[in-house]
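Asks: This note's numbering applies: residue 1 is where the sequence shown begins, and numbers increase by one.
This is the structure I have questions about; it appears just below.
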Amino acid sequence: AERRVAEAVLDTPSTAITWSIADAARIAKVSEPSIIRFCRRLDCDGFPDFRLKLAQQLAKHQSAQAAKAPRGQGDDPLAGMVDDIFLRAGQAIEEARRDLDLDALRAAVALLRRARRVDVYGYGSSGFMASEAQHRLAGLAIPAVAYSDPTLQMHSAPLLGPRDLLFVLSFSGLTSYLISNIEIARKAGAPVLAISPKGSIVASLADVNLNLNAYRQSSGRMAVPTGRVAPMYVLLDTVFAAMAEVEGDQD
């Protein structure tokens, strides 16, 4: 049981620091006492202490990586910031490619192709990505509606059925509004496709999940979303390009 907990944490350490003990037990498929035993084996005073120490280690690792990153020409701070953003975007896209399971991609294309209607859910920064997905689906002649408002999602979810598809975009995989509305859609019989971090709650609720683990912040004073938005765009490109390829093969 403790090995399963360790594997779940190592799969997505940046996501694990946001889990509750119930989330950890659910994702690792163990009991909460097993989580406590795992923490004690690592000399942690419970799960909150384990999360704190994990976050500290991740911060040290990110600082070390930032120190190794190439800086801008001379001592120009603007050039250094620009280089950092482009570097993070490139690294995030490379990581997304390594994480992409081609069998999951094929299954995602199959779900989208047989859907009568697609509702796309996002929230916060993933909300505008839902609108992007809607436009892409419209270009493939698939009826789709994007919802970034949780109340509208709650009203649309029970109207979905087995012939429809719920397509969920989530950078964290932990947004409570999305989770509750996914559960409503599942109860209505709708299949669920997600782009979210491996091992997250959203991923566990999806019939097919495309892993997106590039959830990071800049080492500077402000969050830089490029490292997560860029790979989401590329994953959407990949999904819809694969759909077009399948359609072309069948013509």
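From the three backbone atoms N, C-alpha and C, an ideal C-beta is built for every residue, glycine too.
Going by the DSSP bridge assignment, what does S196 pair with across the sheet?
Replies: The residue you call residue 196 lines up with position 196 of the sequence shown. Answer is N211, bridged to S196.
Asks: Mind checking which residues open and close the alpha helix (DSSP H) that includes V118?
Replies: By 1-based counting over the sequence shown, the position of residue 118 is 118. No alpha helix (DSSP H) contains V118, which is instead part of the beta strand (DSSP E) from 118-121.
Asks: Looking only at its own chain, which residues have a Cβ that is under 8 Å from the Cβ of G161, when we skip the five neighbours before and after it?
Replies: Translated into the one-based positions of the sequence shown, residue 161 becomes position 161. Only A188, G189, A190 meet the Cβ criterion.
Asks: Rounded C-beta distance between A133 and F86? I'm assuming under 8 Å.
Replies: Against the sequence shown, residue 133 aligns to sequence position 133. Against the sequence shown, residue 86 aligns to sequence position 86. Taking a contact as a CB-CB distance under 8 Å, the pair A133 and F86 does not count as one, their CB atoms being some 25 Å apart.
Asks: Assuming F167 is part of the beta strand (DSSP E), what are its boundary residues?
Replies: On the sequence shown, position 167 is the one that residue 167 refers to. Its beta strand (DSSP E) spans residues 165-169.
Asks: Nearest by alpha-carbon distance to R117: which of V234, G127, A96, S156 is it?
Replies: Within the sequence shown, residue 117 is the residue found at index 117, counting from 1. The residue with the shortest Cα to Cα distance from R117 is S156.
Asks: Determine which residues share a DSSP beta bridge with V145 and list them.
Replies: Within the sequence shown, residue 145 is the residue found at index 145, counting from 1. For V145, which the question treats as bridged, DSSP gives the partners D119.
Asks: With 16 as the cutoff for other CB atoms within 10 Å, does S20 come out buried or exposed?
Replies: The count along the sequence shown starts at 1 and reaches residue 20 at position 20. S20 comes out exposed.
Asks: Roughly how many angstroms lie between the CA atoms of S196 and D75, to the nearest whole one?
Replies: Start at 1 with the first residue of the sequence shown, and residue 196 comes out as number 196. Start at 1 with the first residue of the sequence shown, and residue 75 comes out as number 75. Distance between the alpha carbons of S196 and D75 is about 38 Å.
Asks: Tell me which residues share the same chain as R41 and place their Cβ nearer than 7 Å to its Cβ, disregarding the 5 neighbours each side in the sequence.
Replies: Here residue 41 refers to the residue found at position 41 when the sequence shown is read from its first residue. Cβ within range, chain order: E2.
Asks: Starting from the Cα of L208, find the closest Cα among A244, L169, L52, L174 and give me that residue.
Replies: The count along the sequence shown starts at 1 and reaches residue 208 at position 208. Note that residue 208 is Val in the sequence shown here, rather than Leu. The shortest Cα separation from V208 among A244, L169, L52, L174 belongs to L169.
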